[in-house]
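Have a look at the structure below before the remarks.
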Ligand code: NAI
């Protein structure tokens, strides 16, 4: 029972993978790099491969198939980095590894608070021993209306956490949840655009909501609106967003995800010329906090995804019912 694990981080995953594989009676091929056509041969002899958010496109999937791979599991909740249709055509199943929503929800609340209190600019000034106050006046959450788009596991947890701050909470989702109604009001999206001081995104990226926040929707928002995105970069049209920051329509933002982040995040690029101009622009604004897609990254997360992704491979190989299979 062999599994090839790509993007295996030596500093926090390797030991856990090794220990847990031993417990489950599995052999592992561990590779620190993302899967590509160069290292796809490492999957030979493994019916299952284990990946994170690097792109798994149709070419790679066909190469996996040619090496005998039948199941791809990703140590993430989102799986839009895997071409599920191509996998289906190749007869390859896909699984994800959901982990508790608390880490991302905490991080989201942190980004909301940091954005409304101008924490990016405060930290920048403190680092330079500039202890002036001008331009750093913040707002209090209790005075604001927060729009939460997507009330699945993470969005619902954000709503529950925010309820403790005494703000008004408006929510939108394709499906309403009774639990959320204790703390928030479900309203049409148009009302969120119109009334929210802060908008936070918690939906998966789909064809329908690609560039959900774009020129048209931004135009409907309040002046100085704060946008937080810990979901997926392409929910926001970067060009329209940059223009709205430049003209002051968007007052602040906290972006844990950006468009075109594939291949960029989780690598040391300090000596590289990067081609992602949107990211360069976002990083240049004092009222935008950018982090490298790490809202999920807690001790709890690492333990959960390593264990569940291996267990998911084991269930697949034993032909048992697999709660992690998504396609
Ligand atoms: P979930 O599947 O529990 O919830 C997603 C919710 O979005 C569902 O209630 C669904 O009905 C709703 N939804 C789907 N399409 C919609 C649309 N067009 N409009 C409105 N609502 C829509 O997912 P979960 O666990 O809450 O995660 C949300 C997203 O957060 C993930 O899909 C992923 O993209 C992102 N994420 C980011 C992480 C990070 O580290 N920054 C870590 C984990 C997830």
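In the working numbering, the protein residues as written are 46 to 372. Note that beta-carbon positions come from the ideal geometry of N, C-alpha and C, so glycine has one too.
query: Contacts around residue 186, its chain only, beta-carbon distance under 6 angstroms, and the 5 residues preceding and following it disregarded; result: 210, 212
query: Cβ-based burial, residue 176 [other Cβ within 10 Å; buried from 16]; result: exposed
query: Three-way DSSP call (helix, strand, coil) for residue 152 in this model; result: helix
query: Proximity of residue 241 and residue 215 at Cβ, strictly below 8 angstroms; result: yes
query: Residue 277 CB to nearest heavy atom of the ligand NAI below 7 angstroms; result: yes
query: Classification of residue 221 by the beta-carbon crowding that lies within 10 angstroms, buried from 16 upward; result: exposed
query: Sheet register partners of residue 246 (DSSP bridge); result: 194, 274
query: Outcome for residue 318 when other beta-carbon atoms lying within 10 angstroms are tallied against a minimum of 16; result: exposed
query: Exposed unless 16 or more other CB atoms sit within 10 angstroms - verdict on residue 86; result: exposed
query: Contact belief for residue 245 with residue 225 at Cβ below 8 angstroms, rounded distance in angstroms; result: Wrong, their Cβ atoms sit about 14 angstroms apart, outside the cutoff.
query: CB of residue 257 within 8 angstroms of CB of residue 280, strictly; result: yes
query: Rounded Cβ spacing between residue 345 and residue 145 (contact assumed at less than 8 angstroms); result: 6 angstroms
query: Pairwise C-alpha distance: residue 56 and residue 282; result: 35 angstroms
query: Three-state class that DSSP yields for residue 147 in the structure shown; result: helix
query: Other residues of its chain near residue 208: CB distance less than 6 angstroms, five sequence neighbours each side excluded; result: 228
query: Secondary structure of residue 49, DSSP reduced to three states; result: strand
query: Buried versus exposed call for residue 260 [16 or more other C-beta atoms within 10 Å across all chains shown]; result: exposed
query: Residue 95 Cβ short of 7 angstroms to the ligand NAI heavy atom set; result: no
query: Alpha helix (DSSP H) runs wholly inside the stretch 283 to 344, at least 4 long, in chain order; result: 283 to 291, 322 to 329
query: Distance between residue 297 and residue 63 (C-alpha atoms, nearest Å); result: 43 angstroms
query: CA nearest to the CA of residue 193, picked from 154, 181, 173; result: 154
query: Contacts around residue 330, its chain only, beta-carbon distance under 6 angstroms, and the 5 residues preceding and following it disregarded; result: 290
query: Rounded Cβ spacing between residue 110 and residue 135 (contact assumed at less than 8 angstroms); result: 4 angstroms
query: Segment contact, 8 angstroms Cβ cut-off, at least three pairs: the stretch 334 to 349 with the stretch 100 to 119; result: no
query: C-beta contact flag for residue 65 and residue 360 at 8 angstroms; result: no
query: Span separating the alpha-carbon of residue 125 from that of residue 247; result: 15 angstroms
query: Spatial distance of residue 108 from residue 84 (CA atoms); result: 10 angstroms
query: Residue from 305, 218, 350 with nearest C-alpha to residue 231; result: 218
query: Assigned exposure category for residue 277 - 16 Cβ within 10 Å defines buried; result: buried
query: Cβ of residue 369 within 8 angstroms of any chain C Cβ; result: Of the protein chains in this structure there is only one, and it is not chain C.
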